[in-house]
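Written out below as structure tokens is the structure these notes cover.
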Amino acid sequence: MNYTDAIKSIIAQHYEGAAGHMLDQAFREEIHKLTKTQLKNWVNKAKRALNTSHKETLIVRKGMGYSSNDIAVEAYEKAWEVLGFDQFDSTLQI
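For the sequence shown, this note's numbering assigns the number -5 to the initial residue and increments by one for each residue that follows.
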């Protein structure tokens, strides 16, 4: 999955694929060092963060003329921050 697909899955409210992409980006080549339990916990945490940030952003941006894509991108960036990852760099996501 790439960044564009992750954003599309957020729009469709299917957060698992986006969570997997986010963790791939955050941990990069270190992801294989996580145990299955740790990985499962991170995926669940990322899904919850994406779900919450997406719903909050939808509520805040409702009726303000934002596209679904813009809202999903903002939700991804908020979830990235909530999870405590390094500074989000959208140029790395493409």
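We put the CB at the ideal spot given by N, CA and C, even for glycine.
Check, Outcome
"When the Cα atoms are used, what is the spatial distance from residue 6 to residue 27?", "31 Å"
"Give the DSSP-derived three-state secondary structure of residue -4 in the structure shown.", "coil"
"From the DSSP output, in three-state form, read off residue 79 for me.", "coil"
"Return the CA-CA distance between residue 51 and residue 43, expressed in angstroms with no decimal places.", "12 Å"
"Hey, out of 65, 12 and 21, whose CA is closest to residue 80's CA?", "21"
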